[in-house]
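The numbering of the sequence shown is numbering that gives the first Met the number 0, which starts it at 0 and goes up by one.
Every residue, glycine too, gets a C-beta built ideally from N, C-alpha and C.
This one's a predicted model, so the numbers in the text were calculated from it and none came from an experiment.
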Amino acid sequence: MKKKQEELRQRILRAVVKFEQQTSAEIVVSIKSYSNEYLLPLLLPGLLMAFMFTWMMFTPVVFTVRAIVFSSLGLFFGCSFLLLIVPVIRTVFYPRSKIEKYTRREAQSEFIRLGVHKTGHRDGILVFYSKREKALIVVPDWKTEEILDAMEEKSWRQRCEDLVRREGAEAIPKVMEYLGEALATLYPHDENAKNELRDSPELE
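Here it is in structure tokens:
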């Protein structure tokens with residue numbers, strides 16, 4: 000796993016260098032394990048245990064006290080263990096719109112944390128990927144966003160998201176290549192431009 004992550008890091012680093020040779024825009028990549036803890040479903044085992052306990056107490060079928068206690072606790076601990084050990088299951092209980100909201104909010108936080116908003120010309124771009132949600136968010140600063148929105152291909156965000164939807168985090172260098180080519184024409188590289196942001200990606 001570490002070897003694969005290091006290979007991805009190097010691919011992204013090469014893509015950053017290539018991107019910044021094409022355009023004066025600055026790009027930063029952040030890959031996080033998740034965008035939200037999704038803790039609400041952890042209440043489910045308690046509700047199921049209460050339901051089973053009540054059902055076994057009042058059903059016409061007679062159960063021993065031991066059977067009631069062990070069945071209820073078994074269900075509680077079994078469900079709790081599953082939700083804790085496989086956290087991606089917890090996302091099933093949330094609508095896609097809510098997951099996208101959490102991911103976008105985390106991307107905005109990373110945009111600020113990594114200082115992408117601090118470039119002199121406000122031309123930074125954050126490429127953010129959240130593993131648990133399998134979601135990509137591209138957050139450009141206002142100048143870069145204006146340039147990208149001026150392209151004939153208006154659906155540049157959708158194009159980036161589609162690339163990652165098919166291939167996951169492995170497609171991030173392709174996303175950067177696409178953005179670099181798009182910006183190369185409208186905002187080409189300036190030899191006098193300073194490298195204001197880190198090139199090395201943030202990986203979890």
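Rounded to whole angstroms, how far is the Cβ of I30 from the Cβ of E201, which I believe are closer than 8 Å? Here residue 30 corresponds to residue number 31 of the sequence shown, with the count starting at 1. Here residue 201 corresponds to residue number 202 of the sequence shown, with the count starting at 1. Between I30 and E201 the beta-carbon gap is near 7 Å, inside 8 Å, which marks them as a contact.
To which residues of the same chain is I146 closer than 7 Å at the C-beta, ignoring the five residues directly before and after it? Start at 1 with the first residue of the sequence shown, and residue 146 comes out as number 147. Cβ within range, chain order: L182, L185, Y186.
Residues in the same chain with beta-carbon distance under 6 Å from F127, minus the five sequence neighbours each way, listed in chain order, please. Along the sequence shown, read from residue 1 onward, the residue named residue 127 stands at position 128. Closer than 6 Å at the Cβ level, and outside the excluded window around F127, lie S29, A106, E109, I136.
Can you tell me where the alpha helix (DSSP H) with V68 in it begins and where it stops? Locating residue 68 in the sequence shown gives position 69, where the first residue counts as 1. Its alpha helix (DSSP H) spans residues 64–84.
Quick check: what's the CA-CA separation for F50 versus L74? As a first step, residue 50 must be located in the sequence shown, where it is residue number 51. As a first step, residue 74 must be located in the sequence shown, where it is residue number 75. Taking the straight line joining both Cα atoms gives about 10 Å.
Please report the straight-line C-alpha distance between V27 and T53, rounded to a whole angstrom. In the sequence shown, counting from the first residue as 1, residue 27 sits at position 28. In the sequence shown, counting from the first residue as 1, residue 53 sits at position 54. Answer to the nearest angstrom: the Cα atoms are 54 Å apart.
Return the chain-ordered list of same chain residues with a C-beta closer than 7 Å to the C-beta of G179, the five sequence neighbours on each side being excluded. Here residue 179 refers to the residue found at position 180 of the sequence shown. Within the same chain, G179 has close Cβ partners K17, F18, Q21, T22.
Cut-off 7 Å between Cβ atoms - residues of its own chain near H120, not counting five sequence neighbours on either side: In the sequence shown, residue 120 corresponds to position 121, counting from 1. Only K142 meet the Cβ criterion.
Hey, quick one: how far does the alpha helix (DSSP H) through G114 stretch, first residue to last? Position 115 of the sequence shown, counted from the start, is the residue given in the question as residue 114. G114 -> no alpha helix (DSSP H), and no H or E assigned at all.
Is L38 buried or exposed, if buried means 16 or more other CB atoms sit within 10 Å of its CB? Within the sequence shown, numbered from 1, the residue matching residue 38 stands at position 39. Burial is judged here by how many other beta carbons sit within 10 angstroms of a residue's own beta carbon; L38 has fewer than 16 and is exposed.
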